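Asker: Have a look at the structure that comes next, please.
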Amino acid sequence: MDGFADNGEVEVIDQPVVGPHERQVDLDAFAHTARTAPPNDNLAGRLGILLNTKAVKLKRYRSAVKQTLAYFVAVGALAAIAHVRAAKTLDIYFIDVEGGQSTLLVTPAGQTLLIDAGFPGSGTFQSKPADPLDARDAARIVAAARDARVTKIDYLFITHFHADHDGGVVELAQLMPIRTFVDHGSVVPEAELTVPGTQDAFSAYAAVRAKGRHIEPKLGDRLPLKGVDAIVVSTEGSTIVKPLAGAGGRNPVCAPSASAAQEPHENPRSTGIRLQFGKFRFLDVGDLSGRPLFALACPNNLIGPVDVYLVAHHGGVDAADPATFATFHPRVAVLNNSPVKGGAPEVFASLRHVHGLEDVWQLHRSTNPGAENFEDERIANLDERTAYWIKLSATDDGSFRVMNGRTGIWKSYHVR
Ligand SMILES: [Zn+2]
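Counting in my numbering, the sequence shown runs from 13 upward without gaps.
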């Protein structure tokens with residue numbers, strides 16, 4: 013898969029690899045959609061349209077999800093031989109979960125790392141997990157996995173215990189096997205006070221986690237992935253104290269102290285990683301904010317330059333500190349915002365002054381007053397009617413390409 017089109021061209025969706033016993037799979041609704049859709053369309057968008065158009069489409073949607081399950085059953089048995097990756101790339105899907113987080117990484121070795129799983133049920137902090145066939149965010153994750161031709165989650169990494177991150181797990185676990193759970197153990201009781209629903213979401217998540225393998229990594233630990241180096245830089249409110257290779261030195265643009273975290277209990281406990289594939293570096297610290305986010309950048313630069321920074325806390329106001337952007341020095345910043353969640357005007361303003369930043373990609377156009385959105389070409393969803401992803405594909409020389417799922421157009425970032 014992933015034969016890249018050149019910059020400006022579109023990627024045509026290929027058909028799933030099917031064997032003689034999988035004819036029904038070849039005819040399933042998603043595959044049919046891919047065959048008949050215009051080439052600049054994609055499965056995410058088709059699913060997004062299904063998800064966002066009500067009664068008439070519900071039957072089709074449920075049928076599509078059921079057939080996707082059939083696909084996983086059928087393909088799972090042949091996964092070892094069917095999983096042929098033509099290009100040795102690290103692929104990252106920034107999945108639209110409406111202001112939560114779900115980021116699917118597929119390594120060059122074909123391992124999967126899912127960072128967070130979006131909201132439960134209908135998509136609020138108080139939603140309860142329901143019929144997985146009706147689950148908004150879990151279905152979107154399944155669609156991305158389908159596009160990546162992976163059939164299981166090897167590592168589910170939960171940055172922290174809020175329902176926009178751990179809420180979708182109960183339903184996802186019924187749609188795809190999840191092998192190993194990675195997180196910081198448990199939630200503090202105070203977290204319920206700032207975000208009602210946190211404790212219920214955690215309990216439901218922990219019950220699923222109990223059925224799999226569980227890792228609680230410490231600072232500086234590396235995730236057991238082959239071919240990529242994913243190091244834990246924050247967890248449980250603490251951060252690494254020694255600079256990563258390539259970092260170090262005083263940060264000259266630090267404020268005297270950290271800006272306050274909007275949510276002071278669980279967000280600052282986010283478990284974050286810097287993942288490296290060859291020369292390509294990606295930073296995802298979940299909703300890290302307040303003092304621990306500040307500590308990665310000030311007074312000393314502990315992270316060093318990255319190629320892609322998934323801006324902390326969906327680009328909320330507490331992720332706007334210019335000192336963090338100066339330290340992480342990203343070529344590309346990604347905002348997993350919704351029209352109103354994250355995407356603070358202060359973050360847009362900061363991003364416009366980051367030295368060396370080439371582009372900002374947004375999952376949604378922000379409607380927050382004062383938010384200076386970037387170009388539509390870099391925005392996956394212009395309103396709430398669609399659920400397109402942003403897909404990134406990196407090679408070990410440090411070059412990478414990013415695709416807007418809405419337009420199907422890739423943009424290349426060459427070795428610098
Ligand atoms: Zn969040």
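Even glycine gets a Cβ: it sits at the ideal position worked out from N, Cα and C.
Computed from a prediction, not measured in an experiment: that's the story for all the values here.
Ligand 1 and Gly112: does the residue's C-beta get closer than 7 Å to at least one heavy atom of that ligand?
Answerer: yes
Asker: With a threshold of 7 Å on Cβ separation, who are the neighbours of Ser378 within its own chain once the five nearest residues in sequence on each side are excluded?
Answerer: Asn349, Pro351, Gly355, Asn385
Asker: Do Asp408 and Gly290 have their C-beta atoms closer together than 8 Å?
Answerer: yes
Asker: Is it true that the CB of Asp176 sits closer than 8 Å to the CB of Phe131?
Answerer: yes
Asker: Is Asp176 near ligand 1, in the sense that its beta carbon is under 7 Å from a heavy atom of that ligand?
Answerer: yes
Asker: Taking 8 Å as the cut-off, decide whether the C-beta atoms of Leu322 and Asp296 are in contact.
Answerer: The Cβ-Cβ distance between Leu322 and Asp296 falls below 8 Å.
Asker: Measuring straight from C-alpha to C-alpha, what distance separates Leu231 and Ile315?
Answerer: 13 Å
Asker: Please list the terminal residues of the continuous alpha helix (DSSP H) segment that includes Gln186.
Answerer: 181–187
Asker: Return the bridge partner residues of Ile104 from the DSSP annotation.
Answerer: Leu117, Leu404
Asker: Taking a contact to mean a Cβ-Cβ separation below 8 Å, would you say Phe173 touches Val199 in this structure?
Answerer: yes
Asker: Going by CA-CA distance only, name the one from Arg390, Asp395, Ser362, Arg397 that's closest to Gly382.
Answerer: Of the candidates Arg390, Asp395, Ser362, Arg397, the one whose C-alpha sits nearest the C-alpha of Gly382 is Ser362.
Asker: Counting pairs of Cβ atoms below 8 Å between the segment 189–199 and the segment 223–240, do you hit three or more?
Answerer: yes
Asker: Report yes if the CB atom of Leu235 is closer than 8 Å to the CB atom of Val194, and no otherwise.
Answerer: yes
Asker: Using the beta-carbon count (16 or more within 10 Å), is Phe412 buried or exposed?
Answerer: Classification of Phe412: buried, given that the 10 Å Cβ count is 16 or more.
Asker: Helix or strand or just coil, what does DSSP make of Gln374?
Answerer: Reduced to three states, the DSSP call for Gln374 is strand.
Asker: I need the boundaries of the beta strand (DSSP E) containing Gln123, first residue and last residue.
Answerer: From DSSP, Gln123 is part of no beta strand (DSSP E); its letter is neither H nor E.
Asker: What are the boundary residues of the beta strand (DSSP E) that includes Asp166?
Answerer: 165–169
Asker: Count the other CB atoms within 10 Å of the CB of Ser114; is the residue buried (16 or more) or exposed (fewer)?
Answerer: buried
Asker: Would DSSP call Gln211 helix, strand or coil?
Answerer: helix
Asker: What are the partner residues of Asp296, as DSSP defines its beta bridges?
Answerer: Ile285, Leu322
Asker: If the criterion is Cβ atoms closer than 8 Å, does the pair Ser269 and Ser246 meet it?
Answerer: Not a contact, by the Cβ cut-off of 8 Å.
Asker: Residues in its own chain within less than 8 Å of Asp319 by CB, not counting five upstream and five downstream?
Answerer: Phe292, Arg293, Phe294, Pro342, Arg343, Val344, Ala406, Gly410, Phe412, Tyr425
Asker: DSSP state of Arg413, grouped into three classes?
Answerer: strand
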